[in-house]
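**Student:** Residue numbers (this note's numbering): 1 to 253. From the three backbone atoms N, C-alpha and C, an ideal C-beta is built for every residue, glycine too. Below is a structure I'd like to ask you about.
Written out as structure tokens, the structure is:
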């Protein structure tokens, strides 16, 4: 598993890792940027034919980072509107990077994007990559998947723990592509509180990690070692059929 860590003056700490799981190619991508003013975190899970999904996820991450200097100073004026424009600009960069590549027509990606500063928490998500917000006592919320199983959960036809093993778990109702048919869902939340933890992850991680185990990652004693353990556990529980696994752990200190 590829791992890295980072921390800065804003009192945010981040660990991230990614693994191909039992797949030959890792189509997941991740990126983050932590400055004195804000933190930006991105997980994307590519979908498509040969190299298409891999490129889509990587290009979206590159696009978010490319436009950070332009849009991050504008966030406090109109948080949701500016964040939506930022994500759209990243998709535009994804389109530019694909150029005349024939893979572009088959290239899709999910996304889970988190922006945190002292005044606001913003999320952008599309597909079934998730963001969780937790404190040591509870999971405060998670983003809702754009998928058939999530629709069934909303209707009360299945329970939360059944989503990951549902036969239609991979049926998405929305994903990012160069045609911009399905915009990311943008949400605004209250500012971060010291002691809170955010988890961004692809479905290869969350579908094999129990809610109680997510809460273990929110304990103040948790960190890199616990994150690595949960990621490895998710691969093992897949029984030789693990999807790509990507996860970011973000702690507000």
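Shortest alpha-carbon distance to residue 116 belongs to which of 14, 92 and 166?
**Tutor:** Translated into positions along the chain shown, residue 116 becomes position 116. For the residues 14, 92 and 166, the minimum Cα distance to residue 116 belongs to 14.
**Student:** Tell me which same chain residues have a C-beta within less than 8 angstroms of the C-beta of residue 139, skipping the five on either side of it?
**Tutor:** As a position in the chain shown, residue 139 is number 139, starting the count at 1. Excluding its 5 nearest sequence neighbours in each direction, residue 139 has C-beta neighbours in its own chain below 8 angstroms: 132, 133, 211, 214, 215 and 218, listed in chain order.
**Student:** Taking the alpha-carbon positions, what's the residue 175 to residue 71 distance?
**Tutor:** If you number the chain shown from 1, residue 175 lands on position 175. If you number the chain shown from 1, residue 71 lands on position 71. Straight-line Cα distance between these residues: approximately 23 angstroms.
**Student:** Find out if the Cβ-Cβ distance for the pair residue 247, residue 39 is shorter than 9 angstroms.
**Tutor:** Reading the chain shown from its first residue, position 247 is the one you call residue 247. Reading the chain shown from its first residue, position 39 is the one you call residue 39. No; because the gap between Cβ atoms is not below 9 angstroms, this pair is not in contact.
**Student:** Taking 8 angstroms as the cut-off, does the stretch 173-192 touch the stretch 97-112 (at least 3 CB pairs, one atom from each stretch)?
**Tutor:** Look at the beta carbons and you see the stretch 97-112 touching the stretch 173-192: at least three pairs across the two are nearer than 8 angstroms.
**Student:** Taking 9 angstroms as the cut-off, decide whether the C-beta atoms of residue 89 and residue 54 are in contact.
**Tutor:** Here residue 89 refers to the residue found at position 89 when the chain shown is read from its first residue. Here residue 54 refers to the residue found at position 54 when the chain shown is read from its first residue. No; because the gap between Cβ atoms is not below 9 angstroms, this pair is not in contact.
**Student:** Roughly how many angstroms lie between the CA atoms of residue 179 and residue 122, to the nearest whole one?
**Tutor:** Looking up residue 179 in the chain shown gives position 179. Looking up residue 122 in the chain shown gives position 122. When rounded, the distance between both Cα atoms is 24 angstroms.
**Student:** How close, in whole Å, do the beta carbons of residue 204 and residue 244 come, if the pair is a contact with beta carbons under 8 angstroms?
**Tutor:** Sequence index remark: in the chain shown, residue 204 carries index 204 (1-based). Sequence index remark: in the chain shown, residue 244 carries index 244 (1-based). With a Cβ gap of about 5 angstroms, residue 204 and residue 244 count as contacting.
**Student:** Quick check: the Cα distance between residue 96 and residue 157, rounded to an integer number of angstroms?
**Tutor:** As a working note, residue 96 is residue 96 in the chain shown. As a working note, residue 157 is residue 157 in the chain shown. Approximately 42 angstroms between the Cα atoms of the pair.
**Student:** Using the Cβ count rule (16 or more neighbours within 10 Å means buried), how would you classify residue 141?
**Tutor:** Here residue 141 refers to the residue found at position 141 of the chain shown. So residue 141 counts as exposed.
**Student:** Under the assumption that residue 259 contacts residue 124 (Cβ atoms under 8 angstroms), give the Cβ distance between them as a whole number of angstroms.
**Tutor:** The question about residue 259 has no answer here: the residues shown for the chain are numbered 1 through 253.
**Student:** What runs of the alpha helix (DSSP H), each 4 residues or longer, lie entirely inside the stretch 103-177?
**Tutor:** Listed in chain order, the complete alpha helix (DSSP H) runs (minimum 4 residues) inside the stretch 103-177 are 148-154.
**Student:** Can you tell me whether DSSP reads residue 285 as helix, strand or coil?
**Tutor:** Since the first residue of the chain shown is 1 and the last is 253, residue 285 is not available in this structure.
**Student:** Could you check whether residue 45 and residue 147 sit closer than 9 angstroms to each other, using their CB atoms as the reference points?
**Tutor:** For the purposes of this step, residue 147 is taken as residue 147 along the chain shown, with counting starting at 1. For the purposes of this step, residue 45 is taken as residue 45 along the chain shown, with counting starting at 1. Contact: no.
**Student:** Measuring only the C-alpha atoms, how far is residue 190 from residue 102?
**Tutor:** Numbered from 1 along the chain shown, position 190 holds the residue referred to as residue 190. Numbered from 1 along the chain shown, position 102 holds the residue referred to as residue 102. Looking at the two C-alpha atoms, the distance is approximately 42 angstroms.
**Student:** Helix, strand or coil: how does DSSP classify residue 185 here?
**Tutor:** Position 185 of the chain shown, counted from the first residue, corresponds to residue 185. Three-state result, residue 185: strand.
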